[in-house]
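One structure is given here, and the rest of the page talks about it.
Protein chains: 2
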Amino acid sequence: MPLDTATAAVAVDLVALTILDDELCVRVAKRQTPPFRDHWALPSRLISEEEDLFATAELELARATGLAELPVHHIEQLAAYGDPRRDPRGRVVSIAYLALVAGASTWTHTPSRRWAAVSDLLEQPAAASPLAFDHREILADGVARTRAKLEYTPLAGAFCPETFTVSELRHVYEVVWGVHLDPRNFHRKATSTPGFLAPTGSKTTRDGGRPAELYRTGDALTFHPPLTRHI
Amino acid sequence: MPLDTATAAVAVDLVALTILDDELCVRVAKRQTPPFRDHWALPSRLISEEEDLFATAELELARATGLAELPVHHIEQLAAYGDPRRDPRGRVVSIAYLALVAGASTWTHTPSRRWAAVSDLLEQPAAASPLAFDHREILADGVARTRAKLEYTPLAGAFCPETFTVSELRHVYEVVWGVHLDPRNFHRKATSTPGFLAPTGSKTTRDGGRPAELYRTGDALTFHPPLTRHI
DNA sequence: GCAAAAGTGTTAGAATTACACCCATGC
DNA sequence: GCATGGGTGTAATTCTAACACTTTTGC
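Here it is, written out as structure tokens:
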């Protein structure tokens, strides 16, 4: 089996999500060159000889967000996309990574890079998508994965600063799932699920009203029974 | 961005699972050539110019099982593996696919291809694994995915023939999860969860005792609340 | 009849849901 | 005081878990 046959360009594409102004947003870059010139695209980089896929995704996250220091974040592999015609220039297999980041803000916006509302990008049918290549499908997969994992993992904390209140965490769920959750029942569920939250002992009044306990993300990988987003 | 830079060999690796003699088994092939000569390896094929990743996995499943006609099965993408040193011959990025198949049997065994018990392959520590490359890790990921998806999808049916009884389905859960389930509660849960089972109207006595209803896999993609494997 | 597996009923406990209600701060 | 959000109590309902019991076949 000679290894110089059947090669392809291999890229890492990034679905970097954050929450901005009560909206789930994704980092996109405007394409400067054909194909899909002036369309928005997910941040992407070809793999180098030394880096593994995960490291490549970390590097691209740092570059794409344009922040000197990466904020709290979570990265995991999403899926591989390898349709022979997904890039008109040739065979490109992309490994998509899903990143959830906190601390994004609109002042990282430039004419060619921004946080775009996911709902705006996905509402168009695939044929009229403002996104280049198959990036609409990749984004949809990333959003679906995120919605699902909030049910049974403490991942929502990745959208919050280092320490956060139960309401701030609930707000993440409400934005990502697009639902309203009962604050009292959510509080009880979050604080009583082992490994969901780690108490810090501090409090804050930044949300107004009575001071709220501050937590860190807990160490559970998954929990049972899960939270439910189904009514 | 010239596309002829940074290419890699791209392969599809297959974690094909089945249930044989009350054991979860995976299809493996003995390597005839270095590296890892005489080790077992997951079925694998380099992508061709025309096929997409899913089609490549289907082709490899047909080849690896050696069956003229593929039995009932389910295939989904598992993950991509791209460590630069995972193959000593050069950079190979593998997209692993997970296949669950029914109707496997020991008469497809040859000296170089067989269904091997997953427990035997995973019980050794990684350093002493009988599996080549990073295939132990890929197999472990595939088994973990399978165990998880049995909780909230009707996927267990993919291990059964076209039509099957509730006990046969329960047997799949017991083997894959390595637990004992109460037949009466399982029966109630399976038959009352919408989309889990589709009645056929037929019965069978092949398991002995009172005739049992035969079902097909239902059309639900996921269900809530899930089955639980936690005690 | 007897063994074996299918399937139903029942009950205690756990989890979810929908609220009423009190608490601690800023103004 | 009063508005605001934080947090606890509680009762109705639903889900789970354990197991007694009945049904329908083969032998």
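Protein chains in written order, with the working numbering: chain V, 1 to 231; chain B, 1001 to 1231. From the three backbone atoms N, C-alpha and C, an ideal C-beta is built for every residue, glycine too. Treat the numbers as computed from the prediction; the structure is a model and nothing was measured.
Residues that DSSP places opposite residue i in a beta bridge
i       : result
V/Y152  : Note: V/Y152 sits in no beta bridge, so no partner.
V/H109  : Bridge partners of V/H109: none, in fact.
B/I1019 : B/L1024
V/K30   : V/W40
V/V172  : Answer is none; V/V172 lacks a bridge partner.
B/R1216 : B/A1198
B/K1203 : B/E1213
V/V10   : V/V93
V/F164  : V/Y215
Residue-level contact to chain B via CB, residue i, 8 Å cutoff
i      : result
V/G195 : no
V/Q77  : yes
V/V28  : no
V/V176 : no
V/T191 : no
V/H224 : yes
V/T228 : yes
V/D83  : yes
V/T7   : yes
V/A80  : yes
V/V10  : yes
V/R184 : no
Candidates the options: closest to residue i by CA position
i       : options                            : result
B/L1197 : B/P1161, B/G1157, B/V1172          : B/G1157
V/L150  : V/L169, V/A8, V/P199, V/P84        : V/L169
B/R1094 : B/A1104, B/V1028, B/A1016, B/F1133 : As written in the sequence, residue 1094 of chain B is Ser, which differs from the Arg given in the question. For B/S1094, the nearest C-alpha among the options comes from B/F1133.
B/F1036 : B/D1013, B/E1049, B/P1088, B/C1025 : B/P1088
B/G1218 : B/L1155, B/G1178, B/G1201          : B/L1155
B/R1113 : B/L1061, B/E1123, B/L1046, B/R1216 : B/L1061
B/D1141 : B/T1007, B/D1022, B/L1020, B/V1026 : B/V1026
B/A1220 : B/N1185, B/L1067, B/G1195, B/L1046 : B/G1195
V/I47   : V/H135, V/A8, V/A117               : V/A8
B/S1202 : B/T1193, B/A1212, B/G1208          : B/A1212
V/S105  : V/R229, V/E23, V/Y173              : V/E23
B/A1064 : B/R1085, B/L1181, B/E1076, B/T1108 : B/T1108
V/H74   : V/E137, V/A16, V/R216, V/D182      : V/A16
V/E50   : B/P1084, B/E1069, B/L1181          : B/P1084
V/R45   : V/R86, V/L67, V/V92                : V/V92
B/T1222 : V/R188, V/A68, V/A148, V/E123      : V/A148
V/T110  : V/R86, V/G66, V/T146               : V/G66
B/E1069 : B/E1076, B/L1059, B/T1193          : B/L1059
B/L1227 : B/R1216, B/T1153, B/R1031, B/P1199 : B/T1153
B/T1193 : B/T1146, B/D1038, B/P1225          : B/P1225
B/R1206 : B/P1161, B/D1182, B/P1183, B/R1229 : B/P1161
B/A1079 : B/H1135, B/R1216, B/G1209          : B/H1135
V/L131  : V/P199, V/H39, V/R31, V/T18        : V/H39
V/V118  : V/A127, V/L139, V/Q77              : V/L139
B/T1018 : B/G1208, B/A1055, B/R1184, B/T1146 : B/T1146
Proximity test, Cβ basis, 8 Å: residue i and chain V
i       : result
B/L1053 : yes
B/H1074 : no
B/A1126 : no
B/G1218 : no
B/T1153 : no
B/L1098 : no
B/T1146 : no
B/E1049 : yes
B/I1138 : no
B/I1095 : yes
Assumed close pair residue i, residue j - CB separation to whole angstroms, cut-off 8 Å
i       : j       : result
B/Y1097 : B/A1057 : 4 Å
V/P43   : V/L14   : 4 Å
B/V1175 : B/A1190 : With 8 Å as the limit, B/V1175 and B/A1190 do not qualify as a contact, their Cβ atoms being about 16 Å apart.
V/A29   : V/A11   : About 13 Å separates the two Cβ atoms, so there is no contact after all.
V/A233  : V/P71   : With chain V running from 1 to 231 in the structure shown, residue 233 of chain V is simply not present.
V/L20   : V/W115  : 5 Å
V/I100  : V/F159  : What sits at residue 100 of chain V in the sequence shown is Leu, not Ile. Contact holds; Cβ gap of about 6 Å.
B/L1214 : B/T1163 : 4 Å
V/R229  : V/V179  : 6 Å
B/R1216 : B/T1200 : 6 Å
Residue i beta carbon near the ligand ATP (any heavy atom closer than 7 Å)
i     : result
V/L98 : Annotation note on the ligand ATP: not contained in the displayed structure, which lists no ligands.
query = What are the uninterrupted segments assigned as alpha helix (DSSP H) that are 4 or more residues long and contained completely in the stretch 86-151 of chain V, given in chain order?
reply = 118-123
inquiry  = Give the list of continuous alpha helix (DSSP H) stretches no shorter than 4 residues that lie fully inside the stretch 46-79 of chain V.
reply    = 53-65
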